[in-house]
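One structure below.
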Amino acid sequence: MNIDKNTILQKGFLDIEIDPRLDLFAEIERLKKEKNAVILAHYYQEPDIQDVADYTGDSLGLAQKAKQTDADIIVFAGVHFMAETAKILNPTKKILLPDLKAGCSLADSAPTELFKAYKEKNPNHLIISYINCTADIKALSDIICTSSNAEKIIESVPRDRPIIFAPDRNLGAYLNKKTGRNMLLWNGACMVHEIFSLEKITKLKIRHPQAKLIAHPECEEAVLAIADYIGSTTQLLQYSEKDSATQYIVATETGILHQMQQKSPKKTFIPAPPTNSCACNDCPYMKLNTLEKLYTCLQYETPEITMDETLRLGAKRSMDRMMEISEAVGLIG
Ligand code: 13P
Ligand code: SF4
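Per this note's numbering, the sequence shown starts with residue 46, numbered consecutively.
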């Protein structure tokens, strides 16, 4: 087949008609074996993609798997910064992203030139950036963190060292409170986690008095203030499995409910409602990936993530620092 690279760049994915009678699950399994490929999926992907993945996890778990795999091809069912992270950590592998337009509002909130200027204005600050940022921002940062290890990463820095935390102001404010630091916060946010309505959550809590509110730290302070538990997607999942309650209001992207329901089939999980009647608690970027795009991407090995080697090495420095600290404190092994 003749692959038109310009069309892929315009559309973000390879747009070909797929025979509706094709068993995509079986086809994807066949292609994985044939090509020695692995599918890594984030918890916010649609259920079919999570089911066909070799590994489903949070940003830290996915980065670790991307680093360790001996597969020749990694299909990253997630968003662009995650696939870029896989390339940074494992440059000899072919990294595929089913839809190149699967971006991230949080990563977009830190444009490179503005960030450079901010860094120059604060030359004595150590820069800790949340993994939800571009490779450019990673290269400008000293240490990367995820929602699973952020607290430990910050605690590893001497208390008298000034820190800039970027790009998520909500996660940054939460971490300032937890660690007693006064980090300078970049003014970025995730559109999905900022959409939850405090008023509607409060009403839901009244209607379901037994339900616990569990929230991702990308949520706004007012939502976090009434949460029973706050954690990364993996931490929320583990908490919902081990905790004794039977009902949960879940303040993060709805994709995670698939795993929660599978791990605890007898429990009830209610997605926290957004401020209006849209499905805004679905990440529009994560949901650009579909089983069909995953199949064509694996079959034709495109779209592929490529990266300038100087940029990759710059970004790898801050990623390596995160991995080292995480290993030292026993968060990954
Ligand atoms: P984690 O899965 O690492 O908690 O991150 C959530 C998120 O927003 C990913 O885009
Ligand atoms: Fe980015 Fe938010 Fe979507 Fe995660 S949920 S990919 S932070 S826009």
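We put the beta carbon where it would ideally sit given N, CA and C, even for glycine.
Only residues of its own chain outside the window of five on either side were considered, and among them Ile209 and Leu229 have a CB closer than 7 Å to the CB of Asn167, listed in chain order. Excluding residues up to 5 positions away in sequence, Gly57, Phe58, Leu333, Asn334 and Lys338 lie with their Cβ nearer than 7 Å to the Cβ of Asp144 in the same chain.
Assigned with DSSP and collapsed to three states, Leu358 falls in helix.
Under DSSP, Asp213 forms a beta bridge with Gly233. DSSP places His87 within a strand segment (E or B) once states are collapsed to three.
For Gly102, the enclosing beta strand (DSSP E) starts and ends at Tyr100 to Gly102. For Phe126, the closest C-alpha among the options Ile370, Met352 and Glu369 is that of Met352. Only residues of its own chain outside the window of five on either side were considered, and among them Ile240 and Ser242 have a CB closer than 7 Å to the CB of Thr320, listed in chain order.
In this structure, Leu141 and Glu346 form a Cβ contact; the two beta carbons are roughly 6 Å apart against a cut-off of 8 Å.
In this model, Ala195 and Glu72 are separated by some 39 Å (Cα to Cα). When secondary structure is reduced to three states using DSSP, Ala272 falls in the coil class, being assigned neither helix nor strand. Every alpha helix (DSSP H) of 4 residues or more that sits fully in the region 327 to 371 is shown, in chain order, as 336 to 345. Within 7 Å of the C-beta of Asn177 there is at least one heavy atom belonging to ligand 1. Residue pairing for Phe314: DSSP places it in a beta bridge opposite Tyr293. Residue state for Ser174 is assigned as strand, using DSSP reduced to three classes. Under the three-state reduction of DSSP, Lys50 is assigned to helix. Under the three-state reduction of DSSP, Pro168 is assigned to coil, being neither helix nor strand. In this structure, the C-beta of Ser150 approaches ligand 2 to less than 7 Å from one of its heavy atoms. Per DSSP, the unbroken alpha helix (DSSP H) holding Ile94 starts and ends at Pro92 to Val97.
The C-alpha of Lys361 lies about 11 Å from the C-alpha of Leu185. Contact check for Ala82 against Ala116 passes: the beta carbons are separated by less than 8 Å.
Rounded to whole angstroms, the gap between the alpha carbons of Ala317 and Leu85 is 26 Å.
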